[in-house]
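Asker: Letter 105 of the sequence shown, counting from 1, is numbered 116 in my numbering, and no numbers are missing. Built from N, CA and C at the ideal position, the CB exists for glycine as well.
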Amino acid sequence: MLKEMKILINTMNDDKQKKVDKLLKQNLDRFFTNYSILAIALEENLENVTIDEIEKFHQVNISQLNETDKLIVAIIKTLEKLTGEDVRQEYFNKFTLDISQPELKYLIDLIVKES
């Protein structure tokens, strides 16, 4: 787990930390788990997104996407609403296919800053 993610979890209230603990015990896909933790952190503000919004964001048909892809859209839309910044563009600017995940670190930093 990224050290930034551990910092984020430590800033959460007890209820959210329990949800994270429960999630971690499920041994789910690492990417789904990471973005689920971000969704838990934003829980009370998390935007509902439509299929059209998800498809437009990823520029593919919904059938080609998984739950992680859907979470990413909700998280980014929520952060854009909270910060007034173009989070989508910055997320894509930071996106890499290696294990360092700077795009995830970027989202974590925004959430910590907003909480």
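Would you mind working out which of 123, 125, 124, 112 sits nearest residue 13, comparing C-alpha positions?
Answerer: Locating residue 13 in the sequence shown gives position 2, where the first residue counts as 1. Checking every option, the nearest Cα to that of residue 13 belongs to 112.
Asker: For residue 98 and residue 23, what's the separation of their Cα atoms in angstroms?
Answerer: Here residue 98 corresponds to residue number 87 of the sequence shown, with the count starting at 1. Here residue 23 corresponds to residue number 12 of the sequence shown, with the count starting at 1. The alpha-carbon atoms of residue 98 and residue 23 are separated by roughly 22 Å.
Asker: Does the beta-carbon of residue 67 have 16 or more other beta-carbons within 10 angstroms, so that it is buried, or is it exposed?
Answerer: By 1-based counting over the sequence shown, the position of residue 67 is 56. So residue 67 ends up on the exposed side.
Asker: According to DSSP, simplified to helix, strand and coil, what is residue 106?
Answerer: Reading the sequence shown from its first residue, position 95 is the one you call residue 106. In the structure shown, residue 106 sits in coil (DSSP, three-state: anything other than H, G, I, E or B).
Asker: If distances are taken between C-alpha atoms only, which option among 121, 17, 16 comes closest to residue 95?
Answerer: Here residue 95 refers to the residue found at position 84 of the sequence shown. The candidate whose alpha carbon is nearest that of residue 95 is 121.
Asker: Count the other CB atoms within 10 Å of the CB of residue 17; is the residue buried (16 or more) or exposed (fewer)?
Answerer: Numbered from 1 along the sequence shown, position 6 holds the residue referred to as residue 17. With fewer than 16 other Cβ atoms within 10 Å, it is exposed.
Asker: By alpha-carbon positions, which one of 61, 53, 79 ends up nearest to residue 92?
Answerer: Taking the first residue of the sequence shown as position 1, residue 92 is located at position 81. Ranking 61, 53, 79 by Cα distance to residue 92 puts 53 first.
Asker: Below 8 Å on the Cβ atoms is my guess for residue 42 versus residue 79; work out the distance and round it to an integer in Å.
Answerer: As a first step, residue 42 must be located in the sequence shown, where it is residue number 31. As a first step, residue 79 must be located in the sequence shown, where it is residue number 68. Contact flag correct, Cβ pair sits at about 5 Å.
Asker: Do you know offhand how far residue 62's Cα is from residue 73's?
Answerer: Looking up residue 62 in the sequence shown gives position 51. Looking up residue 73 in the sequence shown gives position 62. Near 7 Å, if we compare the C-alpha coordinates of residue 73 and residue 62.
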